[in-house]
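Chemist: Structure below; questions to follow.
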Amino acid sequence: MARRNNIWASLDWMTIGIYLILVLLGWISIYAAVYNDEHSSILDMSQRYGKQLIWITAALVIGFTLIIIDSKFYVFFAYAFYGITILLLIAVLIFGTKVKGATSWFQLGGVAIQPAEFVKFTTALALAKYLSTYNFKMHKLKSYLTIGLILLMPVVLIFLQNDTGSALVISVFLLVLFREGLSGSILFIGLVIALVFIFTLVLSPLHTIIILSIAALFLHYFMRQKPIETLKVAGIFSSLAAAFIFGGSLFKTGIPSVQWLLYATIISSLIFAVFAFRQHLYNLLLVLSIYIGLTFFTFSVDYVFNNILEPHQQSRINELFGIESDPLGVGYNVNQSKIAIGSGGLTGKGFLNGTQTKFDFVPEQSTDFIFCTVGEEWGFIGTTLVVALFLLLLLRLIYLAERQRSTFSRVYGYGVACIIFFHLAINVGMTIGLAPVIGIPLPFFSYGGSSLWSFTILLFIFLRLDASRAEKLSH
Amino acid sequence: MDNYSKRKYLIGAIFILVALVFFVRLFRLQVVNNDYKQYATRNVLRRVVTYPARGLIYDRNGDLLVYNKASYDLLVTPREVSAFDTTAFCEILEIQKEELIAGLDKAKNYSRYKPSVIIKQLSPESYAVLQEKLFRFPGFFVQTRTLREYPEKTAGHVLGYVGEVNRSKIQEDPYYTQGDYIGITGLEKAYEEELRGQKGVNFQLVDVHNRPKGNYRDGKSDTLAVLGKNLVTTLDADLQAYAEYLMDNKKGSVVAIEPATGEVLAFLSAPTYDPSLLVGRARGTNYQKLAQDTLKPIFNRAIRAAYPPGSTFKLFNALIALQENTINLQTQFSCNGPLSRPIRCTHNHISPISVRNAIRESCNPFFWNTFNSIVRKYPRADEGYKVWREHLISCGLSQRLGTELSNELPGNIPEVGYYNHYYGEGHWNGLTIRSMAIGQGELLITPFQLANMAATIANRGYYITPHFVKSVWSIENEPKELNFERHVTTIDPEHFEVVIEGMQAVIEESNTRYYSKLDSIIICGKTGTVQNPHGSDHSVFIAFAPKENPQIAISVYVENGVWGARYAAPIASLIIEKYLNDSIAPRRISIETRMHEANLLNSFQPK
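Laid out in structure tokens, this is it:
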């Protein structure tokens with residue numbers, strides 16, 4: 140009994156408070172979003188708001204249960220949980236039901252369960268477990284490979300379910316790894332790759348290669364400080380490219396100039412690679428290989444975009460980057476969402492007075508686009524309050540993670556913070572046109588049992604770990 | 060042990076940065092930019108316009124000239140359409156399947172959520188059948204509009220017609236939207252604002268599927284439709300019909316005015332047309348037909364055709380000369396009959412002759428002498444002419460009379476400058492332009508102005524702007540009498556008596572009496588013959604009656620009618636008789652029949 144009292148006393152009640160406020164606001168927002176005069180009671184169980192109350196009650200029970208379980212339990216069974224959810228992901232591919240193009244649901248009686256929601260916290264557990272292994276060193280190939288395996292398994296399985304949004308969430312663990320010592324340059328390279336990706340789609344592979352080549356030449360100049368050599372390289376490259384493109388069009392090969400440019404890139408790079416190798420300029424060799432790698436990446440992005448992505452995915456990406464503006468087509472959802480939020484003004488239209496959400500102009504208004512209801516009915520004051528509450532929660536979670544004595548708890552804590560952050564960034568971002576429309580819920584807000592429960596589990600395991608931070612957990 | 064602890068700041072900074080980006084974006088979306096509020100309103104508000112019935116038009120005795128009948132437009136909301144039996148549908152509507160498909164495509168292109176008209180003005184029969192079976196065709200519904208109906212089928216030129224408003228009008232006047240009806244000509248145009256009433260607007264909230272979700276602001280922004288006001292015109296429907304009857308198969312015009320009030324009793328441009336041809340779906344094709352008719356039935360001769368007035372104009376030369384005191388009641392001029400120079404006289408009468416009898420005989424020499432005496436009164440011919448012209452201007456000539464019909468022509472009395480230019484300044488005198496004396500030459504006067512001249516003489520020196528509407532009323536509003544301006548001419552009342560005596564003599568003592576004299580009523584009139592270089596001369600007649608306290612003044616033009624006394628005068632006398640006596644004396648029935656049956660349409664022979 141004394142020990143249990145101890146647990147309740149050492150729980151972080153501030154986090155629980157924010158959690159309860161967010162859940163409550165979410166419930167009210169769902170009520171407003173799907174409100175209908177015939178079922179005006181918020182407790183009407185035939186409506187989504189009634190059902191959400193059941194999910195909330197169950198979530199609280201789950202939270203309570205998680206608190207009273209011994210914290211060692213999570214550490215000990217971390218891999219087991221991970222394994223179970225991976226098996227569930229495989230099972231759902233085989234036995235799952237298809238909802239909106241994604242095979243990610245188990246239909247159990249009247250309840251639909253989405254394993255991808257739960258894989259988030261088990262991946263966080265597994266990663267925490269691995270990173271807290273005795274004598275763990277980040278910068279070893281074995282570590283990279285193991286971490287890669289832990290993260291890629293769910294990503295691949297979720298991708299196979301056609302649930303791109305949930306798969307992308309796993310990428311946020313890079314931020315956790317960064318905290319644990321992953322080289323900043325990897326994050327930087329990731330950023331460069333992302334930029335090249337965007338350039339390729341927004342401009343064209345041709346422009347991207349030209350930009351990359353100019354950047355590489357500048358880099359060469361700064362590293363070598365020999366203008367003549369830089370000019371030579373530039374000369375070789377451009378004369379080759381010119382000759383190829385001119386020759387190509389002269390003999391009517393039908394090969395596009397961008398492809399000739401690629402050949403020019405490869406040949407001039409090879410020439411320069413031989414030179415660099417002979418002169419033992421290994422740094423330049425590294426730059427060169429990154430340059431070639433990015434050039435190929437450009438081509439593969441272009442290829443994947445044009446040949447592998449499905450039209451609806453293409454148009455969503457196009458819409459995001461403003462390549463196609465079609466407010467009545469693909470952009471319809473985002474446009475209506477922006478209208479809903481924008482029309483809220485400073486103070487909002489008032490509770491239950493939102494027309495955009497209530498009259499179904501905004502799609503998925505109780506799940507992915509729940510933030511619209513906040514924006515429309517409570518205005519700028521409401522939206523900033525909600526974002527501020529999330530920010531407070533995230534900063535609190537960093538603070539809590541940092542005060543852990545065990546690596547396991549810290550890694551897990553960062554996992555929780557980063558997952559919530561990613562959902563917040565993408566979900567709110569998409570409602571205001573800053574992020575692509577990938578259907579992931581707003582934590583604690585969006586309607587749905589799977590989502591609410593998985594975030595509750597995610598958070599409360601950490602709260603339990605934090606409550607017993609004084610204990611020695613492992614190794 | 061933990062070398063990377065400082066990275067917490069970077070991660071925290073990323074979190075804060077993203078939140079800050081959101082704050083800025085939300086601030087711009089919600090506080091700075093106001094467009095989204097309008098977009099949201101546009102999304103959710105549907106204006107449902109209620110159209111009031113257009114005002115009715117009555118004649119002066121309360122007989123209905125124009126009323127409304129219901130018309131049914133078929134609309135479609137493409138989104139709500141599901142598979143239906145197109146064959147049955149097309150059968151009910153009596154249209155081709157291609158027509159239906161084209162209409163549906165057009166509606167879809169406009170909007171999938173908003174209704175658009177697919178078929179205008181269904182026949183009542185199609186509507187009756189369709190109404191019962193409409194439930195089988197989801198997405199389609201019928202909207203009731205009104206069309207004009209003309210029980211008397213007369214006075215098309217006065218009433219005008221109603222049609223869909225054009226784009227430039229929509230831009231100019233925000234009251235109108237695409238598909239609204241507007242008066243295009245005639246009184247429909249002149250009294251558009253009174254007749255149309257006020258559209259009502261009901262703001263409904265709709266959801267994304269365009270389903271009604273209740274009233275916006277509990278109907279506080281809604282407005283009720285206000286019924287159009289009714290017009291009581293000055294026309295006498297029976298008289299109008301009678302004039303049309305007499306003018307059958309003739310070109311020309313009849314304008315009858317009540318002198319004391321300026322109220323137009325009958326207004327006819329012949330050949331006329333049935334106003335109900337220019338209603339509804341058939342209007343386009345019917346209009347084309349009428350417009351291409353060589354007899355020009357749409358052309359409003361009474362106000363658009365300016366002819367020389369012929370001898371009727373002599374009355375004014377007499378009046379002006381009396382006013383200018385260049386002749387008096389005793390003044391006589393000699394006439395050598397056919398030998399007279401420079402203008403011969405076609406009538407056989409005693410010579411010399413004074414003004415009263417000169418009017419009766421329509422003596423050309425008397426009137427060119429009279430005209431010359433006016434012009435010569437002043438030191439220079441152009442001064443004399445200017446004075447003469449000013450008198451005519453005061454009688455409403457060479458200007459629009461300002462009636463409600465908008466396309467009235469002003470006619471023309473040439474200005475001094477015209478002759479100065481033509482003959483050279485100082486190189487012309489009253490004799491140079493002597494055709495002015497007998498109403499030929501450059502003079503252009505519309506039949507409407509001529510009728511107004513008759514009214515002016517009947518009034519002994521003034522006229523009220525001739526007009527077509529007595530009052531405007533509606534169920535909510537008391538009748539509002541309209542007032543029109545009284546114009547006093549520069550001719551003093553006492554000079555009219557001798558002219559009127561002369562006009563009475565025209566009817567009672569000249570050859571005109573055979574067909575135009577009435578037993579019980581004194582008509583005062585003057586015939587005219589308008590020289591027509593293209594065919595038979597035109598027959599003109601102006602008159603008023605009775606002599607004392609005149610009730611009706613009239614001008615009649617019969618193109619190719621040869622002499623005034625042959626057609627115009629008998630027709631005018633019949634109309635006067637009909638108006639004042641309500642019936643035609645038995646002895647004159649044969650005249651009535653002959654006038655009605657005369658067909659002058661083929662006497663037009665292009666030379």
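Going down the list, the protein sequences come from chains A and B. Counting in the working numbering, the first sequence runs from 140 upward without gaps. Counting in the working numbering, the second sequence runs from 60 upward without gaps. All C-beta atoms in this analysis are idealised placements derived from N, C-alpha and C, irrespective of residue type, glycine included. Note that the coordinates shown come from a computational prediction; the quantities given were computed from them, not determined experimentally.
Within the continuous beta strand (DSSP E) that includes GLN382(B), where are the two ends?
Modeler: Run containing GLN382(B): none in the beta strand (DSSP E); it sits in the alpha helix (DSSP H), 373-382.
Chemist: Comparing the CB of PRO183(B) with every heavy atom of the ligand ATP, is any distance shorter than 6 Å?
Modeler: The model on display carries no ligand, and the ligand ATP is accordingly not part of it.
Chemist: With LYS96(B) as the anchor, note down where its alpha helix (DSSP H) starts and where it stops.
Modeler: Element bounds for LYS96(B): 94-103.
Chemist: What residues of chain A sit near VAL103(B), judged by a beta carbon separation below 7 Å?
Modeler: Going along chain A in sequence order, the residues near VAL103(B) (Cβ under 7 Å) are THR494, PHE498.
Chemist: In the stretch 301-383 of chain A, which residue ranges form an unbroken alpha helix (DSSP H) of at least 4 residues, counting only runs that do not cross its ends?
Modeler: Within the stretch 301-383 of chain A, the complete alpha helix (DSSP H) runs of at least 4 residues are 303-308, 312-318, 323-341, 344-363.
Chemist: Output yes if chain C places a C-beta closer than 7 Å to the C-beta of VAL295(A); else output no.
Modeler: Here chain C cannot be found, since the structure's protein chains are A and B.
Chemist: How would you call ILE452(B), buried or exposed, if buried means at least 16 neighbouring beta carbons within 10 angstroms?
Modeler: ILE452(B) is exposed by the Cβ-count criterion.
Chemist: Around the Cβ of ALA72(B), are there at least 16 other Cβ atoms within 10 angstroms (buried) or fewer (exposed)?
Modeler: That one is exposed.
Chemist: Check the Cβ of SER310(A) against every Cβ in chain B and list those closer than 9 Å, keeping chain order.
Modeler: Going along chain B, no residue has its Cβ under 9 Å from SER310(A), so there is no contact; the nearest lies around 14 Å.
Chemist: Can you find the residues in the same chain that come closer than 8 Å, C-beta to C-beta, to LEU218(B), ignoring five residues on each side of it along the sequence?
Modeler: If we look at LEU218(B) and ignore the five residues flanking it on each side, its Cβ neighbours are ILE116, LEU124, VAL125, TYR209, GLY245, LEU246, GLU247, PRO334.
Chemist: Which term fits SER575(B), buried or exposed, when burial requires 16 or more other beta carbons within 10 angstroms of its beta carbon?
Modeler: Buried, by the Cβ-count rule.
Chemist: State buried or exposed for THR652(B), treating a residue as buried only when at least 16 other CB atoms are found within 10 Å of its CB.
Modeler: Answer is exposed; the Cβ neighbour count stays below 16.
Chemist: Residues of chain B with CB under 8 Å from GLY165(A), in chain order?
Modeler: Going along chain B, no residue has its Cβ under 8 Å from GLY165(A), so there is no contact; the nearest lies around 18 Å.
Chemist: Identify the contact partners of ARG66(B) in chain A, using a Cβ-Cβ distance below 9 Å as the criterion.
Modeler: Within chain A, the residues near ARG66(B) are PHE317, ARG318, GLU319, GLY320, GLY323.
Chemist: Which one of TYR63(B), PHE262(B), GLU553(B) has the shortest CA to CA distance from SER280(B)?
Modeler: Out of TYR63(B), PHE262(B), GLU553(B), PHE262(B) has the C-alpha closest to the C-alpha of SER280(B).
Chemist: Please list the partners that PHE262(B) has in chain A, where partner means a Cβ-to-Cβ separation under 9 Å.
Modeler: Per Cβ cutoff of 9 Å: no residues; PHE262(B) is ~12 Å from chain A at best.
Chemist: Using three-state DSSP, classify LEU264(B) as helix, strand or coil.
Modeler: Strand.
Chemist: Just checking my contact of PHE547(A) with VAL440(A) at CB under 8 Å: how many whole Å lie between their CB atoms?
Modeler: The pair is not a contact, with the Cβ atoms about 37 Å apart (cut-off 8 Å).
Chemist: Under three-state DSSP, which class holds TYR522(B)?
Modeler: Three-state result, TYR522(B): strand.
Chemist: Ignoring anything shorter than 4 residues or poking outside the stretch 420-447 of chain A, list the alpha helix (DSSP H) runs there in chain order.
Modeler: Those alpha helix (DSSP H) runs which fall completely within the stretch 420-447 of chain A and span 4+ residues are 421-442.
Chemist: Does DSSP classify TRP166(A) as helix, strand or coil?
Modeler: Looking at TRP166(A) - three-state DSSP - the assignment turns out to be helix.
Chemist: Between the stretch 517-527 of chain B and the stretch 535-555 of chain B, do three or more beta carbon pairs fall short of 8 Å?
Modeler: At 8 Å Cβ cutoff, the stretches touch.
Chemist: Between GLN495(A), ILE520(A), PHE519(A), which lies nearest to PHE508(A) when the distance is taken from Cα to Cα?
Modeler: Comparing Cα positions, the closest option is GLN495(A).
Chemist: Please state whether the Cβ-Cβ distance between LYS373(B) and PHE430(B) is less than 7 Å.
Modeler: No, these two residues do not count as a Cβ contact at 7 Å.
Chemist: Could you round the C-beta distance between ASN566(A) and ILE558(A) to whole angstroms and report it? I think they count as a contact, below 8 Å.
Modeler: Incorrect: roughly 12 Å between the Cβ atoms, too far for contact.
Chemist: On the DSSP bridge list, what partners appear for TYR131(B)?
Modeler: In the DSSP output, where bridge partners are listed per residue, TYR131(B) has LEU181(B), THR203(B).
Chemist: Using DSSP with H/G/I as helix, E/B as strand and the rest coil, what is THR109(B)?
Modeler: It is a strand residue.
Chemist: So within the stretch 523-587 of chain B, which uninterrupted beta strand (DSSP E) runs reach at least 3 residues, ignoring any that extend past its ends?
Modeler: Fully enclosed beta strand (DSSP E) runs of 3 or longer: 528-532, 545-547.
Chemist: Would you report the Cα separation of LEU324(B) and TYR477(B), rounded to the nearest angstrom?
Modeler: Distance between the alpha carbons of LEU324(B) and TYR477(B) is about 36 Å.
Chemist: Could I get the ranges of all uninterrupted alpha helix (DSSP H) runs contained in the stretch 435-512 of chain B, with 4 residues as the minimum, in chain order?
Modeler: Listed in chain order, the complete alpha helix (DSSP H) runs (minimum 4 residues) inside the stretch 435-512 of chain B are 440-453, 475-482.
Chemist: Between GLU516(A) and chain B, is the shortest Cβ-Cβ distance under 7 Å, so that the two count as touching?
Modeler: Not an interface residue.
Chemist: Starting from the beta carbon of LYS272(B), find every residue of chain A whose beta carbon is closer than 7 Å, and list them in chain order.
Modeler: Per Cβ cutoff of 7 Å: PHE498.
Chemist: Assign LYS637(B) to buried or exposed, taking buried as 16 or more other Cβ atoms, counted over all protein chains shown, within 10 Å of its Cβ.
Modeler: Counting Cβ neighbours within 10 Å, LYS637(B) comes out buried, since at least 16 surround it.
Chemist: So that I know if they touch, is there some Cβ in chain A lying closer than 7 Å to that of ASN359(B)?
Modeler: Chain A, which has no Cβ nearer than 7 Å to the Cβ of ASN359(B), makes this no.
Chemist: Residues in its own chain within less than 6 Å of ALA514(B) by CB, not counting five upstream and five downstream?
Modeler: Hits under 6 Å: ILE316, PRO318, TYR522, ALA612.
Chemist: When the Cα atoms are used, what is the spatial distance from LEU298(B) to ILE634(B)?
Modeler: Straight-line Cα distance between these residues: approximately 7 Å.
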